[in-house]
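*Asks:* The structure's right below; bear with me while I get my questions together.
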Amino acid sequence: MRREVCLVVFLAPPGSGKGTLSALLAERNNFHILCAGKILRALFAKKAEEGKETEALQGVHQGKYLGDELVNKYVIEELNRIRESSKEEKLFISLDGYPRTIGQAERLIEWAKEQELLVVKMEGLTADDIWARLSKRYLCEAEEHIFNTSMGLPENMICPKDGSRLIRREDDASIELVKKRLLQHESLTNPVWEYFCSRGNKTFVIDSSLKIEELYNSFKEKLSL
């Protein structure tokens, strides 16, 4: 039996709440989360441990985007793994950080073929709003669970979910890096959004300035979950 797949693409800048929203969708609605950045950071971290640090690895830490061929390769491998290992009759996959270029969008459409593909644009935050969020954000080393100083950090800076220590991402460390990422995001993903719209894919916009429960409810209503 051919498994039905629903792909949800989030086109959203860093700090927009897409990671927290995806975590809620995984917890409450059994979504599978595919975070392209997390996959690539883990891959390059492994290469660095093996003494094979590359220019591409340095670019990831500095908030730069990688070429389509490399990104497509590892994202499609992960999509195949999720589809082959999951047992749900209808499989929901949340895509965070992919596609970021038209070339990546074309490869995703090729993979999805006749499956359901929804594209969500998250907007409504200024650069200062995003910096205010990212300057308070910590992630755990193992699984990148998100924590925030305004909500209180775990004791001893240890993640209660997996036991790894909390860290700041290097590309969250300064407003200059954050602004650079935002400019990259806008220049790359605006054409992707227009591309999906021109193809007639189902698209909608949600307001990133909403509190997380409001954001979740807005998304759920639009998706009819």
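Just so we're aligned: 324 in this note's numbering is position 76 of the sequence shown, and the numbers increase by one with no gaps anywhere. Glycine included, every Cβ here is placed at the ideal spot set by N, Cα and C.
#1: Using only alpha-carbon positions, find the residue among 260, 254, 262 and 270 that is nearest to residue 461.
#2: Count the C-beta pairs between the region 415 to 431 and the region 375 to 390 that are closer than 8 Å, then say yes if the count reaches three, no if not.
#3: Along the chain, where does the alpha helix (DSSP H) containing residue 377 start, and where does it finish?
#4: Look at residue 267 and residue 381 and say whether their C-beta atoms are less than 8 Å apart.
#5: I'd like the span of the beta strand (DSSP E) that includes residue 252, first residue to last.
#6: Please list the segments of the alpha helix (DSSP H) lying wholly inside the region 313 to 401, counting only runs of 4 or more residues, in order along the chain.
#7: Residues bridged to residue 452 by DSSP?
#8: Name the one or two DSSP bridge partners that residue 281 has.
#9: Enumerate in chain order the residues of its own chain whose CB-to-CB distance from residue 352 is below 7 Å, with the five nearest sequence positions on each side excluded.
*Replies:* According to the structure data:
#1: Walking along the sequence shown from the start, residue 461 turns up at place 213. The shortest Cα separation from residue 461 among 260, 254, 262 and 270 belongs to 270.
#2: Yes, since at least three Cβ pairs between the region 415 to 431 and the region 375 to 390 fall closer than 8 Å, the two stretches touch.
#3: The sequence position of residue 377 within the sequence shown is 129, counting from 1. Run containing residue 377: 375 to 382, per the alpha helix (DSSP H) assignment.
#4: Mapped onto the sequence shown, residue 267 falls at position 19. Mapped onto the sequence shown, residue 381 falls at position 133. With a cutoff of 8 Å on beta-carbon distance, residue 267 and residue 381 are scored as not near each other.
#5: Position 4 of the sequence shown, counted from the first residue, corresponds to residue 252. Taken as a continuous stretch (DSSP letters only), the beta strand (DSSP E) holding residue 252 covers 252 to 259.
#6: For the region 313 to 401, whole alpha helix (DSSP H) runs of length 4 or above, ordered along the chain, are 316 to 333, 350 to 360 and 375 to 382.
#7: For the purposes of this step, residue 452 is identified with residue 204 of the sequence shown, where counting begins at 1. Residue pairing for residue 452: DSSP places it in a beta bridge opposite 368.
#8: As a first step, residue 281 is located in the sequence shown; it is residue number 33 there, counting from the start. DSSP lists 342 as partners of residue 281.
#9: For the purposes of this step, residue 352 is taken as the residue at position 104 of the sequence shown. Residues of the same chain with a CB within less than 7 Å of the CB of residue 352, apart from the 5 flanking positions on each side, are 316, 319, 320 and 346 in chain order.
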